[in-house]
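**Student:** If you count the sequence shown from 1, position 148 lands on 148 in the UniProt record's numbering, and the numbers rise without skipping.
Built from N, CA and C at the ideal position, the CB exists for glycine as well.
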Amino acid sequence: MNLIRRSSAVTCSVRYPGCPHPPACESPTLCSGSYNLRRLACDQLTFIDPSPVVQSRRSSRRPSSSLVRCLVCQCGAIPLSAKAGLASDILSIVTRVGLDAHIWDAVLHSLLALAPVTFQDVRVEIRQPEDKSLKVANVILGPSADDIFSLRGSYTYADIGVRQASAGQGAGPPSAFIDHIDLWLSLPEAQADDFPRFDTFHSIVDAPLFDCLRFKSDMLDCPECETLKAILRSVLEGTQLDWALKSDKLEFEFPYPQGFRVLSSQSILSLQVNLEHTIDDATITLDAAEQVEWIIRDGQGKGDEYLEELVAARTSGPSAGASSGTVAGPSAGGGLEHGG
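#1: If I follow the unbroken beta strand (DSSP E) through serine 150, where does it start and stop?
#2: Work out the CA separation of valine 124 and isoleucine 93 for me, nearest whole Å.
#3: Using 10 angstroms around the beta-carbon of alanine 312, count the other beta-carbons present and answer buried if the total reaches 16, otherwise exposed.
#4: Select from Leu183, Lys229, Val235, Asp147 the residue whose C-alpha is nearest the C-alpha of isoleucine 160.
#5: Could you check where the beta strand (DSSP E) with leucine 37 kicks off and where it finishes?
#6: With a CB to CB cut of under 6 Å and the five nearest residues on each side skipped, what residues in its chain are close to serine 234?
#7: If you draw a straight line from the alpha carbon of tryptophan 243 to that of valine 72, how long is it in whole angstroms?
#8: Might you give, ordered along the chain, the residues of its own chain that have their beta carbon closer than 7 Å to the beta carbon of glutamine 55, omitting 5 neighbours on each side?
#9: Roughly how many angstroms separate the alpha carbons of glutamine 44 and cysteine 75, rounded to a whole number?
#10: By alpha-carbon positions, which one of His277, Phe201, Leu286 ends up nearest to leucine 108?
#11: Which runs of the alpha helix (DSSP H), 4 residues or longer, sit entirely within the region 233-302?
#12: Ends of the beta strand (DSSP E) at isoleucine 160?
#13: What are the start and end residues of the beta strand (DSSP E) that includes valine 139?
#14: Kindly identify the DSSP beta-bridge partner or partners of histidine 202.
#15: Hey, tyrosine 157 and isoleucine 140: beta-carbon distance below 8 Å or not?
#16: Just the C-alpha distance for leucine 250 and alanine 77, rounded to the nearest angstrom, thanks.
#17: Assign proline 22 to buried or exposed, taking buried as 16 or more other Cβ atoms, counted over all protein chains shown, within 10 Å of its Cβ.
#18: In terms of alpha-carbon separation, which member of Glu226, Ala165, Glu290 lies closest to residue 341?
#19: Helix, strand or coil, according to DSSP, for leucine 71 in the structure here?
Okay, here's the thing in structure tokens:
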């Protein structure tokens, strides 16, 4: 066990390769008295009893207000779902954010459904943003601790915003509700036929007070952005997240020169209808993949340039007939006009 003390805060790394550790369900109890502990890493532990934490124990323990991060990695005897539950329980997520335990379990279940079989490690965090009515829990899943901390390679990063219910939203429990879920996904090895489904989020998004399911990328030209583009393409094709789109609770966010551009549900619905774009008196029909690329390029101020490239490619050379879209003469209206 390694302890690193910074002022009054303590970071603890527990690493016992091959040595038996108390049952997984007792681990939260072992941490409950460490009120200065800020970060805990459980590395290469072998539990005597790998059973996950019993739900009823979650509310019976006084939570440590100082613990903000728990990493569970290379504990091969327990599945990823149990690791996520253990890390959540060590942090007392349910108690500290005021959520109903079954709702938090549904969130974990939905996130775990996105994880490939190669994902083995989990990091759970809790933080308090400037908005005091909101608390945020982060769940990061990946093949290894390196992927989880560097956010390179493959990972699933979720930002779950939990808002405290106001007096007008009901006097009884639960005292909080999920306000939003932001997802940064990097799944470079995922193929179209085995791409994760988001149906498990349906009941969460359908909750009356839930505001937004948001897919985000902080950079362009990276696996994270490619995953976002693949998801947006499936939405435009109508094969994913149609229920979130029609409930006006779906957004995509990606960088552009002035910050970040947000693509709302209404904008996506408009793009599903308006497949035609007009540039330099030529009307071009875009498929879903081209629509996504145009959206990204347009955010960089290069949307017209991309359309001109497509028009040139389709109207010249023997490959023009192989293009997935079409080019026509001057538009009679109904499409999106660009240029001047």
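**Tutor:** Reading from the atomic positions:
#1: Locating residue 150 in the sequence shown gives position 150, counting from the first residue. Segment 145-150 is the alpha helix (DSSP H) holding serine 150; no beta strand (DSSP E) there.
#2: Start at 1 with the first residue of the sequence shown, and residue 93 comes out as number 93. Start at 1 with the first residue of the sequence shown, and residue 124 comes out as number 124. Looking at the two C-alpha atoms, the distance is approximately 9 Å.
#3: Within the sequence shown, residue 312 is the residue found at index 312, counting from 1. Note on alanine 312: under 16 other CB atoms within 10 angstroms of its CB, so exposed under the neighbour-count rule.
#4: On the sequence shown, position 160 is the one that residue 160 refers to. Looking at the Cα atoms, Leu183 is the closest of the given residues.
#5: The residue given as residue 37 occupies position 37 in the sequence shown. Here the beta strand (DSSP E) through leucine 37 covers 37-43.
#6: If you number the sequence shown from 1, residue 234 lands on position 234. Taken in chain order, the residues that qualify are Gln240.
#7: As a working note, residue 243 is residue 243 in the sequence shown. As a working note, residue 72 is residue 72 in the sequence shown. In a straight line, the C-alpha of tryptophan 243 is about 34 Å away from that of valine 72.
#8: For this step, residue 55 is matched to residue 55 along the sequence shown. With a pLDDT of 44 at glutamine 55, under the threshold of 50, the modelled position of that residue is not reliable, and the figure given next carries that caveat. Excluding positions up to five away in sequence, the list reads Ala101.
#9: Along the sequence shown, one-based indexing puts residue 44 at 44. Along the sequence shown, one-based indexing puts residue 75 at 75. Approximately 5 Å between the Cα atoms of the pair.
#10: On the sequence shown, position 108 is the one that residue 108 refers to. Leucine 108 has its Cα closest to that of Phe201, out of His277, Phe201, Leu286.
#11: 242-246, 265-273, 288-299
#12: Locating residue 160 in the sequence shown gives position 160, counting from the first residue. Isoleucine 160 -> beta strand (DSSP E) spans 155-164.
#13: Along the sequence shown, one-based indexing puts residue 139 at 139. Valine 139 -> beta strand (DSSP E) spans 134-142.
#14: Mapped onto the sequence shown, residue 202 falls at position 202. Per DSSP, none; premise fails for histidine 202.
#15: Taking the sequence shown and counting its residues from 1, the one referred to as residue 157 is at position 157. Taking the sequence shown and counting its residues from 1, the one referred to as residue 140 is at position 140. Yes, the Cβ-Cβ distance between tyrosine 157 and isoleucine 140 is below 8 Å.
#16: The residue given as residue 250 occupies position 250 in the sequence shown. The residue given as residue 77 occupies position 77 in the sequence shown. Looking at the two C-alpha atoms, the distance is approximately 37 Å.
#17: Start at 1 with the first residue of the sequence shown, and residue 22 comes out as number 22. Residue placement at proline 22 is poorly supported in this model, since its pLDDT is 47, which falls under 50; the coordinates are not used for a value here.
#18: Lying before the first or after the last residue shown, residue 341 is absent from the chain, which here runs from 1 to 340.
#19: If you number the sequence shown from 1, residue 71 lands on position 71. Of the three classes helix, strand and coil, the one that applies to leucine 71 here is strand, per DSSP.
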